[in-house]
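Undergrad: Following this message is one structure expressed as structure tokens.
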Ligand code: MN
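In our numbering, the protein residues as written are 6 to 326.
As structure tokens, then:
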């Protein structure tokens with residue numbers, strides 16, 4: 006898992022939250038079902054089975070891979086529309102290309118993140134580059150959908166490219182965990198990503214047997230998704246494993262611990278920590294559109310069919326053969 010690595014002994018350390026901190030209890034642990042996205046790349050649906058109110062401001066998250074592709078096997082998506090939210094794509098292993106109808110796009114790899122604010126409407130394509138299709142290889146990442154408040158659903162589309170080295174790197178109090186702050190703020194250390202709705206997004210790597218305690222904003226929800234490995238969540242030490250999501254209750258600190266023994270292929274507990282300020286508005290989702298009312302969904306479908314989401318840039322159509 007080569008997403009940025011670092012010697013934790015040289016990094017700023019997060020102080021252990023005081024004993025008076027209110028540790029967030031674990032409300033639920035769910036298991037992500039497996040499926041296929043786009044033209045057939047394997048995903049885990051990280052939020053399946055969790056009530057929308059618990060996820061707010063997040064809508065959806067896919068863990069893409071981890072998969073070792075044979076030559077010719079890597080798949081992407083066709084051109085497709087979005088309106089009303091933001092997509093955050095974080096690539097842990099492998100390479101992904103993005104192009105959109107507003108001139109945004111680029112290639113992201115090992116630890117890079119791209120943020121696309123679909124806003125009023127955009128067309129885009131997400132796919133592995135031709136050389137990866139030819140060679141095959143390892144691919145692993147996540148795509149997170151962050152809702153937009155009704156006041157921002159028709160904002161102009163925007164694209165942010167965040168390189169792996171821009172993430173803030175931190176260590177737990179004892180040096181046993183590496184934290185990559187991609188967005189938001191952990192113990193006063195800000196990450197580079199910005200969304201209309203404030204969120205915190207952290208990729209934590211916890212060494213076998215190590216414990217991570219992290220302060221967490223009380224006005225944010227708190228979710229922990231296990232990308233790889235085994236461990237426990239909460240001070241109640243609820244077991245979690247790869248592909249499971251923990252939903253935390255209220256409080257101002259989180260505790261996570263890696264099991265002493267880990268699978269040989271996944272030597273550490275890899276966790277994605279997510280939190281955001283709930284928007285608390287009605288959500289109506291239909292496929293690639295996330296709006297507040299059914300009428301707005303019908304309008305989105307009509308606008309898309311009328312070509313109001315822009316045009317596919319002819320000179321940027323990536324070649325697949
Ligand atoms: Mn998309």
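Yeah, the Cβ is synthetic: ideal placement off N, Cα and C, and Gly gets one too.
Measure the alpha-carbon distance for residue 242 versus residue 70 and round it to whole angstroms.
TA: 27 Å
Undergrad: Of the choices 127, 100, 144 and 260, whose alpha-carbon is the least far from that of residue 92?
TA: 127
Undergrad: Beta-carbon separation of residue 9 and residue 174 under 8 Å?
TA: yes
Undergrad: As a quick check of your reading: which residues have a C-beta less than 7 Å from at least one non-hydrogen atom of the ligand MN, in chain order?
TA: Going along the chain, the residues that qualify are 82, 85, 87, 92, 129, 131 and 293.
Undergrad: Which same chain residues end up closer than 8 Å to residue 324 when comparing Cβ atoms and leaving out the 5 residues on each side of it in sequence?
TA: Note on residue 324: pLDDT 49, under 50, position unreliable in the model; no value is reported.
Undergrad: Count the CB pairs spanning the segment 111 to 119 and the segment 88 to 102 that are closer than 8 Å, and state whether there are at least three.
TA: yes
Undergrad: With distances taken Cα to Cα, identify the nearest neighbour of residue 259 among 220, 297, 252 and 48.
TA: 220
Undergrad: Go to residue 3, then tell me how far its alpha helix (DSSP H) extends in each direction, as first and last residue.
TA: Outside the displayed span of the chain (6 to 326) sits residue 3, for which this structure offers no information.
Undergrad: From 226, 231 and 285, pick the residue whose C-alpha is nearest to that of residue 257; which is it?
TA: 226
Undergrad: Is it buried or exposed for residue 307, if we count other Cβ within 10 angstroms and need 16 for buried?
TA: exposed
Undergrad: For residue 20 and residue 177, I'd like the C-alpha separation in whole angstroms.
TA: When the Cα atoms are used, residue 20 and residue 177 turn out to be separated by approximately 7 Å.
Undergrad: Using a Cβ distance threshold of 8 Å, determine whether the segment 277 to 290 contacts the segment 38 to 47, with at least three qualifying pairs required.
TA: No contact exists between the segment 277 to 290 and the segment 38 to 47.
Undergrad: Do you know how far the Cα of residue 152 is from the Cα of residue 167?
TA: 20 Å
Undergrad: Between residue 3 and the rest of its own chain, which residues show a CB-CB distance below 7 Å, the 5 nearest in sequence each way excluded?
TA: The question about residue 3 has no answer here: the residues shown for the chain are numbered 6 through 326.
Undergrad: Give me the Cα-Cα distance between residue 18 and residue 212, rounded to the nearest whole angstrom.
TA: 15 Å
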